[in-house]
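Enquirer: Here you go, one structure.
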Amino acid sequence: MIRVLYMSDLHIEMMMRRRSLTDFFRGRAAPQAGPALKDMLPPGLIVLAGDIHNGLLSVAYADSLAKRFEVPVVLVAGNHEYYYQNLPESHQLMARAAAATKGRVRFLDNEMFTLEQGGQRLHVLGSTLWTDFNLNQNAPQARAFAGKHMNDYRLINDGKARLHTETTLNRHFAARVWLHTSLARLCADEPYVPRLIVTHHAPGAAFLGNRQGAIGPAYASDLLPEFESYAPAFWVHGHTHYRHETYTHGFWVLSAPHGYAQERSLEDTPYQPGILEI
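Position 247 (the sequence shown) corresponds to 250 in the numbering used here; numbering is contiguous.
Structural data, given as structure tokens:
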């Protein structure tokens with residue numbers, strides 16, 4: 004059995020900002036970087052489905068978990084990883100930093116990692132994914148709305164220009180083609196090895212939580228029907244800040260977001276990561 008611990012949307016960058024000047028001068032400790040993760044059965048793999056920290060700090064946090072638990076960590080970037088940065092450059096730097104961990108951190112964006120543990124194998128396919136903006140069947144309108152209301156298109160650079168919805172749309176379709184190609188090959192070559200898909204953006208409208216309405220197409224795409232035939236075991240996502248464990252289309256769709264600090268303040272219990280056993 005492989006025990007997988009999965010988390011998303013930790014937004015550690017926002018936790019760190021919560022330390023006020025008053026706290027600093029009174030010697031109060033800065034907020035802890037990430038959940039405590041105490042009193043847990045040891046995982047065999049940790050999955051981080053995006054919006055963990057800014058850029059390279061996400062890789063550093065992932066590596067800290069890899070060293071602490073002595074297991075590999077799969078990291079998929081969310082949109083927030085690229086805030087206040089140049090997307091292509093930051094992506095390359097994160098990939099290099101992960102490679103420098105000598106296998107402890109696997110940074111996946113349209114890439115696959117195969118875990119071999121205790122005589123078992125697990126294929127993990129990772130991608131940021133982005134969206135096709137067509138969740139409400141009006142992609143042009145959704146792109147215009149997202150361009151005005153999503154911080155992605157104000158706070159992320161793409162080369163010398165601001166990130167544009169056309170860029171993320173193209174990235175989405177590239178990811179989608181890669182997923183189809185990879186899953187088809189795995190089904191043909193290794194049909195009995197379980198497959199875990201990890202994306203930041205959600206694969207359907209059922210997982211939007213409070214991100215419904217006009218903004219919904221920037222959070223999810225309707226993908227489950229077209230991927231059902233590949234029979235993945237699990238699909239882990241983030242982005243929507245909606246915690247759930249949903250069995251649909253023959254497999255489990257899961258999300259265990261921490262969310263923003265103001266969202267956590269409404270919760271009665273401390274944050275717990277998701278756990279799945281394969």
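Using N, Cα and C, we set each Cβ at its ideal position, and we do this for glycine too. Just so we're clear, the structure is a prediction, and the values are computed from it rather than from any experiment.
In whole angstroms, what separates the C-alpha of Thr-170 from that of Ala-177?
Expert: The straight-line gap from Cα to Cα measures roughly 11 Å.
Enquirer: In whole angstroms, what is the alpha-carbon distance linking Arg-198 and Pro-220?
Expert: So the two alpha carbons sit approximately 26 Å from each other.
Enquirer: Residues in its own chain within less than 7 Å of Val-74 by CB, not counting five upstream and five downstream?
Expert: Correct list, in chain order: Pro-46, Gly-47, Leu-48, Ile-49.
Enquirer: Distance, Cα to Cα, Ile-278 vs Asp-42?
Expert: Straight-line Cα distance between these residues: approximately 13 Å.
Enquirer: Report the option in His-261, Pro-276, Gln-275 whose CA atom is closest to the CA atom of Met-18.
Expert: The residue with the shortest Cα to Cα distance from Met-18 is His-261.
Enquirer: Express the C-alpha separation of Ser-93 and Gly-129 in angstroms, rounding to a whole number.
Expert: So the two alpha carbons sit approximately 17 Å from each other.
Enquirer: Could you check if Met-4 is buried or exposed, using at least 16 other CB atoms within 10 Å of its CB as the buried criterion?
Expert: By the neighbour-count rule (16 or more Cβ atoms within 10 Å), Met-4 is not buried but exposed.
Enquirer: Please report the straight-line C-alpha distance between Ala-103 and Leu-118, rounded to a whole angstrom.
Expert: Spanning the two alpha carbons is a distance of roughly 19 Å.
Enquirer: Report the option in Phe-72, Trp-133, Gly-122 whose CA atom is closest to the CA atom of Thr-202.
Expert: Out of Phe-72, Trp-133, Gly-122, Trp-133 has the C-alpha closest to the C-alpha of Thr-202.
Enquirer: Let me know the secondary structure DSSP gives Gly-129 once reduced to three states.
Expert: The answer is strand: DSSP assigns Gly-129 an E or B state.
Enquirer: Have a look at the DSSP bridge pairing and note the partners of Gln-88.
Expert: Ile-159, per the DSSP bridge assignment.
Enquirer: For Ala-208 versus Leu-138, is the C-beta spacing smaller than 8 Å?
Expert: A contact, by the Cβ cut-off of 8 Å.
Enquirer: Between Gln-140, Tyr-222, Ala-164, Leu-186, which lies nearest to Leu-90 when the distance is taken from Cα to Cα?
Expert: Of Gln-140, Tyr-222, Ala-164, Leu-186, the residue nearest in Cα terms is Ala-164.
Enquirer: Which same chain residues, not among the five before or five after Tyr-156, have their C-beta less than 8 Å away from its C-beta?
Expert: Ala-149, Gly-150, Arg-165, Leu-166, His-167, Thr-168, listed in sequence order.
Enquirer: Could you tell me whether the stretch 212 to 219 touches the stretch 181 to 200, where touching means 3 or more Cβ pairs closer than 8 Å?
Expert: In short, these stretches do not touch, since the Cβ pair count stays below three.
Enquirer: Would you tell me roughly how many angstroms separate the C-alpha atoms of Asp-66 and Ala-147, rounded to the nearest one?
Expert: Going by the C-alpha atoms only, they are around 38 Å apart.
Enquirer: Please state whether DSSP places Leu-51 in a helix, a strand or coil.
Expert: In this structure, Leu-51 counts as strand in the three-state DSSP scheme.
Enquirer: Kindly indicate which residue of Ala-264, Glu-231, Tyr-263, Gln-265 has the alpha-carbon position closest to the one of Tyr-1.
Expert: No statement about residue 1 is possible, as the shown extent of the chain runs from 4 to 281 and does not include it.
Enquirer: Identify every residue that forms a DSSP beta bridge with Pro-260.
Expert: Answer by DSSP bridge pairing, in chain order: Ser-11.
Enquirer: Between which residues of its own chain and Pro-273 is the CB-CB distance below 7 Å, once the five residues before and five after are set aside?
Expert: For Pro-273, where only same-chain residues beyond five positions count, there are no Cβ hits under 7 Å.
Enquirer: Under the three-state reduction of DSSP, which class applies to Thr-171: helix, strand or coil?
Expert: Helix at Thr-171.
Enquirer: Assign Val-180 to one of two classes, buried (16 or more other C-beta atoms within 10 Å of its C-beta) or exposed (fewer than that).
Expert: Exposed, by the Cβ-count rule.
Enquirer: Tell me which residues share the same chain as Phe-210 and place their Cβ nearer than 8 Å to its Cβ, disregarding the 5 neighbours each side in the sequence.
Expert: Around Phe-210: Ala-223, His-240, Thr-243, Tyr-245, His-247, Thr-249, Val-256, Ser-258.
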